[in-house]
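Same order as they appear, the protein sequences are chains A and B.
In this text, residue positions in the first sequence follow UniProt numbering: the first is 1, and each later residue adds one.
In this text, residue positions in the second sequence follow UniProt numbering: the first is 1, and each later residue adds one.
Just so it is clear, CB atoms sit at the ideal spot from N, CA and C, and this is done for glycine as well.
2 protein chains.
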Amino acid sequence: MNAKDTFLAANAHVDEAAIQPLPNSRKIYVEGSRPDIRVPMREISQADTPTGFGGEKNPPIYVYDCSGPYSDPAAQIDIRSGLPAMRAQWIAERGDTEELPDLSSEFGRQRAADKALDELRFPGLHRKPRRAKAGANVSQMHYARKGIITPEMEYVAIRENLNRAAYIESLKATGPTGEKMAKLLTRQHPGQNFGASIPAEITPEFVRSEVARGRAIIPNNINHPESEPMIIGRNFLTKINANIGNSALGSSIQEEVEKMTWSIRWGGDTVMDLSTGKNIHETREWIIRNSPVPIGTVPIYQALEKVNGKAEDLTWEIFRDTLIEQAEQGVDYFTIHAGVLLRYIPMTANRMTGIVSRGGSIMAKWCLAHHKESFLYTHFEEICEIMKAYDVAFSLGDGLRPGSIYDANDEAQLGELKTLGELTEIAWKHDVQTIIEGPGHVPMHLIKENMDLQLEYCKEAPFYTLGPLTTDIAPGYDHITSGIGAAMIGWYGTAMLCYVTPKEHLGLPDKNDVKEGIITYKLAAHAADLAKGHPGAQIRDNALSKARYEFRWDDQFNLGLDPDKAKSFHDETLPKESAKVAHFCSMCGPHFCSMKITQDVRDFAAKQGLNEEDALQKGMETKAVEFVKTGAEIYHKL
Amino acid sequence: MNAKDTFLAANAHVDEAAIQPLPNSRKIYVEGSRPDIRVPMREISQADTPTGFGGEKNPPIYVYDCSGPYSDPAAQIDIRSGLPAMRAQWIAERGDTEELPDLSSEFGRQRAADKALDELRFPGLHRKPRRAKAGANVSQMHYARKGIITPEMEYVAIRENLNRAAYIESLKATGPTGEKMAKLLTRQHPGQNFGASIPAEITPEFVRSEVARGRAIIPNNINHPESEPMIIGRNFLTKINANIGNSALGSSIQEEVEKMTWSIRWGGDTVMDLSTGKNIHETREWIIRNSPVPIGTVPIYQALEKVNGKAEDLTWEIFRDTLIEQAEQGVDYFTIHAGVLLRYIPMTANRMTGIVSRGGSIMAKWCLAHHKESFLYTHFEEICEIMKAYDVAFSLGDGLRPGSIYDANDEAQLGELKTLGELTEIAWKHDVQTIIEGPGHVPMHLIKENMDLQLEYCKEAPFYTLGPLTTDIAPGYDHITSGIGAAMIGWYGTAMLCYVTPKEHLGLPDKNDVKEGIITYKLAAHAADLAKGHPGAQIRDNALSKARYEFRWDDQFNLGLDPDKAKSFHDETLPKESAKVAHFCSMCGPHFCSMKITQDVRDFAAKQGLNEEDALQKGMETKAVEFVKTGAEIYHKL
């Protein structure tokens with residue numbers, strides 16, 4: 001089916017399921033040093049603790065929010081208009097870019113002129129593309145190295161701190177036990193972070209220094225002013241990417257836009273459009289104009305379409321035009337498989353699964369056919385010139401990543417990684433922001449080697465890995481086989497985790513799969529942040545555990561990554577609304593509730609007018625009989 | 001609803017969904033040194049490699065099979081009769097047990113005499129319970145320490161080797177490339193096993209020595225002769241446990257038996273019946289009589305029911321009678337929370353989530369009410385006497401396990417672990433088999449500490465952990481938050497992983513949840529085996545990856561842990577039967593198949609009459625033009 005058959009621009013509409021606020025959640029904006037720096041967060045309100053447990057207020061907690069204006073009921077959403085160009089003023093102010101009279105890409109101009117595409121075309125773009133003025137470099141890295149703190153940098157600094165200071169203040173203000181509450185609910189285990197250096201509070205200057213050092217990137221194409229700045233680096237919260245995109249076998253523009261809004265609702269920090277089907281150019285335009293998160297692509301996919309799928313017919317000129325076409329649409333990072341060198345290709349011949357990266361296989365085929373190093377490699381500095389004129393970041397692709405446990409960490413993979421390190425230095429010479437893609441399929445005990453070699457070869461440029469999958473034997477569950485590897489490599493220092501859905505190896509993910517993949521990767525990323533000891537990472541766990549202990553069921557659902565599923569699971573066994581305040585749950589039933597004994601312990605102590613430990617250690621012996629008489633009830637009366 | 005309302009023994013029937021063989025799978029039996037040692041395995045047959053890829057035969061692979069007679073079409077299944085008493089002869093032969101005239105438990109005799117229970121009662125048991133003769137010790141550990149290799153030990157040795165030798169022989173016999181195939185398909189990464197000592201081939205003598213040393217157990221109550229022996233220890237394949245059981249809020253005997261047969265179908269190595277609802281005794285009887293895997297329980301749950309849920313009314317006498325009641329039914333291991341000492345209880349007062357173990361909270365409440373050490377602790381040696389009279393294994397419960405990230409690795413938890421180590425030594429003094437339960441909720445970076453301390457305190461007695469969950473923020477996905485921790489702790493040396501289902505913290509798992517939990521834990525256990533370098537662990541990954549590379553879709557599905565789901569996912573995008581032989585998949589479509597480039601590389605080499613690497617390294621340069629002319633097709637013709 002042709003996508004056009006199922007999509008008309010005039011009928012494009014927002015996915016209603018993606019624009020409701022999550023339960024008990026409210027979008028707030030934390031203002032920065034200027035009024036147009038307004039950093040979104042999700043505030044989750046909580047019920048008071050039941051009287052019998054202490055009766056204290058539980059102030060709202062704040063969580064990172066990728067969902068953009070969609071989850072803000074005050075926002076006007078019309079996907080035919082796209083999102084507001086929030087960053088336009090910041091870009092213009094810098095005075096180092098210019099509006100172009102027309103698209104620079106020949107292909108882009110052809111598509112624009114093609115009347116047959118009118119009914120597919122995104123109708124809401126009324127500005128011209130921008131580019132750096134001649135000789136200018138508009139990358140965030142360039143500014144950072146000049147010592148400039150951009151609004152984007154300030155924005156991400158505020159974003160990474162998650163309004164923690166306000167939360168702590170509100171805990172202290174809850175009453176006489178406020179100080180104790182604040183200590184309890186912000187306590188966390190010291191992490192183990194393998195040489196990362198995460199400050200207690202992220203400052204704009206810290207952001208700048210990390211970007212300057214190449215240890216983090218802010219993917220922010222000047223032609224994607226709709227995006228909300230975010231940062232990728234191992235001294236920041238671990239991020240996740242969701243892949244979407246059509247294939248020749250299906251999916252329409254409407255569906256792809258829905259997958260994007262759905263991805264960011266559940267926590268996708270960036271989205272890659274990996275379309276390889278029809279109307280790649282127009283699909284991407286719709287996605288970018290409606291996306292508050294950075295969009296990545298693999299430009300070689302589209303270039304290949306332009307030569308009708310014949311890899312050997314690809315040329316530098318076609319590829320170059322594709323880069324410019326996409327850069328002027330606003331793609332924030334490009335996966336470029338420039339490390340697939342001729343000498344590595346024979347190393348794949350004895351693999352179990354050969355070359356599994358699509359981009360890698362296209363380039364390998366080209367290299368073999370021409371017996372030359374690829375134009376990605378030989379024209380790398382020219383690519384850098386394009387990147388810095390739009391601030392597109394490199395995501396240096398691992399074209400030779402292992403596609404099976406058998407092939408993990410082999411010489412082809414590690415050889416390519418070394419080359420990616422060399423290319424990183426070239427990119428950095430041009431102040432082009434760069435991240436490095438990683439595997440793939442790797443058994444657990446070989447994961448750390450990947451991270452360590454990446455840090456060494458690529459000089460701490462952020463690592464961005466797919467999984468890795470820790471076994472090959474569970475098709476249908478590869479979000480989990482890879483979620484294990486993702487959590488571990490995130491702990492070791494990977495900055496962004498590329499999700500895997502349950503459909504991996506089997507089919508194109510639908511919306512349910514996208515959500516399942518996102519939530520799996522959010523929890524993996526969060527587990528990594530906990531293990532690294534990212535400041536404040538444990539606040540959400542603590543709040544949720546307190547709610548769980550106090551049988552605040554709705555709060556337990558709402559503080560989780562997927563309130564809808566948690567609630568529906570609970571409802572399956574105890575559907576009545578009254579069960580939401582029940583002081584037991586269906587697993588154990590009213591006679592077996594283990595959560596209640598500690599409350600008995602605490603109550604017993606309180607009755608003696610002692611603090612808990614003293615009561616138990618000193619007073620317990622003589623009071624045991626009294627405890628039986630007065631307090632030995634599993635159920636606490638409210 | 002009373003379970004009796006929905007269950008009548010006369011209507012009990014096997015779950016049809018649980019007795020079909022899995023696709024292309026056949027049950028085989030590997031015979032041991034005597035004809036009644038017949039060790040079941042699942043043989044998965046594979047299609048030949050398509051001619052264009054080499055055309056070789058792919059011999060069947062063998063996988064561990066927990067499903068018992070259910071998946072054997074030759075078996076007569078009637079759950080009202082129960083399974084054949086396979087081990088009865090072995091037990092009788094040893095001459096150290098006797099048949100008792102009647103049940104030894106007072107409660108058991110009451111239930112047996114209660115006519116009102118007739119319609120619920122399992123009708124197929126026509127033998128009397130057995131017990132060790134006076135002064136005898138019938139534990140596998142006792143035999144092992146006397147140097148005796150029991151049929152059970154031989155059975156597990158055969159089982160652990162997974163018919164690898166036969167597989168290798170059949171690979172070699174495939175033809176001229178057989179030797180190469182055998183090398184390729186059995187190659188695996190050397191593991192990292194943290195001091196485990198896994199031999200290349202498991203011998204009966206190795207099994208004996210590990211059991212004697214206390215480093216492994218074979219849970220095999222003499223009153224559960226229906227069970228197929230299996231071993232739990234870190235030098236063996238990592239095992240998983242599935243919990244089932246009713247609660248006061250629901251589920252019938254029929255449903256619980258179905259959950260058991262469903263669990264073992266998907267790979268549950270043991271099943272714990274955690275029933276806390278009605279008719280616990282009768283439910284357990286049905287489960288044990290129909291279970292080919294060891295059954296574990298937490299006897300304190302039933303004891304509590306006997307005192308109407310009032311923990312403080314529990315007595316040693318009631319508990320003791322419960323142990324004997326269950327031991328004579330055939331429970332293979334008992335979780336006993338004997339490490340909950342008075343001095344640890346105050347340490348839980350300042351926890352975020354207090355005591356979350358049901359058994360732990362019951363004992364804590366008892367201890368507080370009586371201000372005495374628990375009868376589990378004070379009568380521990382008497383418990384050992386019961387255990388060794390039936391060969392019930394201890395699973396020393398972690399009553400103070402952390403219920404939140406906040407509480408992980410605190411002094412209460414680690415104090416109890418030390419006590420469990422002391423109790424292990426007492427159990428071993430009696431030659432009672434013992435495993436140690438572990439947490440719970442633990443962030444990734446604190447998992448290894450759990451394992452290391454357990455090995456130290458408990459002298460390498462097998463560790464058996466619940467998860468651990470690596471974050472608290474994903475209710476509805478705790479099979480995954482915990483699957484991450486389970487895979488890691490399995491790698492570090494945990495011998496058995498207790499599964500967690502998606503319903504954890506929210507509700508009672510249904511059959512779908514049970515399956516989701518099992519598959520998640522199977523893949524975690526397998527990832528652990530790969531990382532430890534368990535001999536042959538990678539065979540299944542290699543076979544599946546080869547099938548994937550060769551587009552043998554059905555083989556890819558069938559070699560996976562869940563062929564049904566894999567196939568149904570594939571069918572969603574490409575439902576036609578012909579797509580099952582398609583040489584591309586829906587993710588990339590026909591123009592983007594990356595798997596094919598390596599085939600082009602290999603074909604090119606073959607045409608030059610060179611081996612692959614030589615062709616590529618030496619011949620490529622001059623042959624590049626020819627490659628374009630002859631071979632530059634993404635699609636390989638069959």
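Query                                                                                                                   : Result
Strand pairing of B/M496, partner residues [DSSP]                                                                       : B/K239 and B/Y464
CB-CB length for A/F194 against A/Y492, believed under 8 Å                                                              : 6 Å
At least 3 beta-carbon pairs within less than 8 Å: the region 387-400 of chain A vs the region 537-548 of chain B       : no
Buried versus exposed, by CB contacts within 10 Å (16 or more), B/A173                                                  : exposed
The region 530-543 of chain B: positions lying closer than 7 Å to chain A by Cβ                                         : L530, A531, Q538, R540, D541 and N542
Selected residue, minimal CA-CA separation from A/Y521, among A/G233, A/A200, A/E106 and A/D269                         : A/D269
Rounded C-alpha distance that separates B/K448 from A/F107                                                              : 55 Å
CB contact flag (B/G483, B/P502, <7 Å)                                                                                  : no
Three-way DSSP call (helix, strand, coil) for A/H371 in this model                                                      : coil
Cβ pair A/I240, A/I231 closer than 7 Å                                                                                  : no
Environment of A/L544 [buried if 16+ CB atoms lie within 10 Å]                                                          : buried
A/V63 - DSSP class collapsed to helix/strand/coil                                                                       : strand
Supposed contact pair B/F122 and B/E282 - C-beta distance, whole angstroms, cut 8 Å                                     : 7 Å
CB contact below 7 Å: A/I480 versus chain B                                                                             : yes
A/M86 in three-state terms, based on DSSP                                                                               : coil
Buried versus exposed call for B/E255 [16 or more other C-beta atoms within 10 Å across all chains shown]               : buried
Buried or exposed (CB count within 10 angstroms, at least 16 for buried), B/I148                                        : exposed
B/E205 to B/E154 span [Cα, whole Å]                                                                                     : 8 Å
Closer than 7 Å to chain B by CB, A/Q617                                                                                : Residue confidence for A/Q617 is low, a pLDDT of 48 falling below 50, so the modelled location carries little weight and cannot support an answer.
Chain A contacts made by the region 453-475 of chain B, where a contact means CB separation under 7 Å                   : T470, T471, D472, I473, A474 and P475
Sufficient close CB pairs (3 or more, under 8 Å) joining the region 163-181 of chain A to the region 511-525 of chain A : no
Sheet register partners of B/M141 (DSSP bridge)                                                                         : DSSP output for B/M141 lists no bridge partner at all.
Segment contact flag, the region 137-148 of chain A with the region 376-393 of chain A, C-beta cutoff 8 Å, min 3 pairs  : yes
Contacting residues, own chain, Cβ-Cβ under 6 Å from A/P23 (five flanking each side not counted)                        : N558 and P563
Under 8 Å by beta carbon: chain A residues contacting B/A487                                                            : M444, T470 and I484
Contact belief for B/L120 with B/G82 at Cβ below 8 Å, rounded distance in angstroms                                     : Not confirmed; about 15 Å, so no contact.
Beta-carbon spacing of B/L28, B/M41 below 7 Å                                                                           : The sequence given here has Ile at residue 28 of chain B, not Leu. Result yes, Cβ atoms of B/I28 and B/M41 sit closer than 7 Å.
Best match in A/P190, A/I158, A/N221 and A/Y344 for proximity to A/R208 [C-alpha to C-alpha]                            : A/I158
C-beta neighbour in chain A for B/E411, strict 7 Å                                                                      : no
Beta-carbon separation (whole angstroms), B/I435 vs B/A495, contact threshold 8 Å                                       : 7 Å
Proximity test, Cβ basis, 7 Å: A/H430 and chain B                                                                       : no
Beta-carbon gap between A/I202 and A/N243 smaller than 7 Å                                                              : no
Simplified DSSP assignment, three categories, for A/V293                                                                : coil
Backbone CA spacing between B/E258 and B/I19 [nearest angstrom]                                                         : 11 Å
Any C-beta of chain A under 7 Å from that of B/W491                                                                     : yes
Closer than 7 Å to chain A by CB, B/S197                                                                                : no
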